[in-house]
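>
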């Protein structure tokens, strides 16, 4: 789990063209700690993930949605969560 | 994040009608530790989450998909991940 979360956070940072140093400074965390988080070397605390997401302007739901998709890929299968199982507010998007 | 993960794991356990004691034993973790995990009192390690999911017969993608939906609810908005942004293997399910 931590590897997938780290990879998604790294991807989001790179997509925004931000350096590790810049993001670490904004999120008030050391460069080493952020780097370990991105590489899945350290279990991320919920607070650290929240701080990084805040700086990236991303929501927890967006991160976890992406991580769920990445996890499904590593499981070599389509996500176990099918549209039929999703609540109405999500399937509405498809309409 | 840990509160949402814990709540989803608890929900999954209760849906299967399993006791805290039974699941803790199967997952080789103490009852106290599993209880803390479910209540979001302790940051869950990726290994513990994996062990509990294995015992519940759930995938990480299924858990994180549910947690993403729960997170979107607490954010008071629809998930930021729209179907248009999902990769082909996920949107296929809608077909």
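Chains as they are written, first to last, in the numbering used here: chain L, -13 to 81; chain C, -13 to 81.
Backbone N, C-alpha and C fix where the C-beta goes; we use that ideal spot for every residue, glycine too.
1) Between residue 20 of chain C and chain L, is there a C-beta pair that is closer than 8 Å?
2) Mark residue 0 of chain L as exposed unless 16 or more other C-beta atoms lie within 10 angstroms of its C-beta, in which case mark it buried.
3) Could you tell me whether any non-hydrogen atom of the ligand PLP is closer than 7 Å to the CB of residue 29 of chain L?
4) What are the residues of the segment 50 to 64 of chain L that lie near chain C, defined by any Cβ-Cβ distance shorter than 9 Å?
5) Please list, in chain order, all residues of the same chain as residue 22 of chain L whose beta carbon is under 7 Å from its beta carbon, the five residues on each side excluded.
6) Which residues in chain C sit within 7 Å of residue 29 of chain L, going by Cβ to Cβ distance?
7) Please report how far the alpha carbon of residue 26 of chain C lies from the alpha carbon of residue 2 of chain L, in whole angstroms.
8) Once you ignore the five residues that flank residue -2 of chain C on each side, which residues in its own chain have a CB closer than 7 Å to its CB?
9) Could you name the residues of chain L that residue 35 of chain C contacts, counting a contact when the two beta carbons are closer than 7 Å?
10) Between residue 46 of chain C and chain L, is there a C-beta pair that is closer than 8 Å?
11) Among the residues of its own chain, which have a CB less than 6 Å from the CB of residue 17 of chain L, if the five just before and after it don't count?
12) Span of the alpha helix (DSSP H) holding residue 12 of chain C?
13) Given this structure, state the Cα-to-Cα distance separating residue -9 of chain C from residue 12 of chain L, to the nearest angstrom.
14) Considering only residues of the same chain and omitting the five flanking positions on each side of residue 79 of chain C, which have a CB-CB separation below 7 Å?
15) Enumerate in chain order the residues of its own chain whose CB-to-CB distance from residue 24 of chain C is below 8 Å, with the five nearest sequence positions on each side excluded.
16) Establish whether the CB of residue -6 of chain C and some CB of chain L are separated by less than 8 Å.
For this structure:
1) no
2) exposed
3) Absent from the structure shown: the ligand PLP. Ligands present: none.
4) 50, 51, 52, 53, 54, 55, 56, 57, 58, 59, 60, 61, 63, 64
5) 28
6) 29, 31, 32
7) 31 Å
8) 42, 44
9) -13
10) yes
11) 6, 7, 10
12) 6 to 12
13) 26 Å
14) With a pLDDT of 49 at residue 79 of chain C, under the threshold of 50, the modelled position of that residue is not reliable, and the figure given next carries that caveat. Nothing listed; no residue qualifies.
15) -8, -7, -5, -4, -1, 6
16) no
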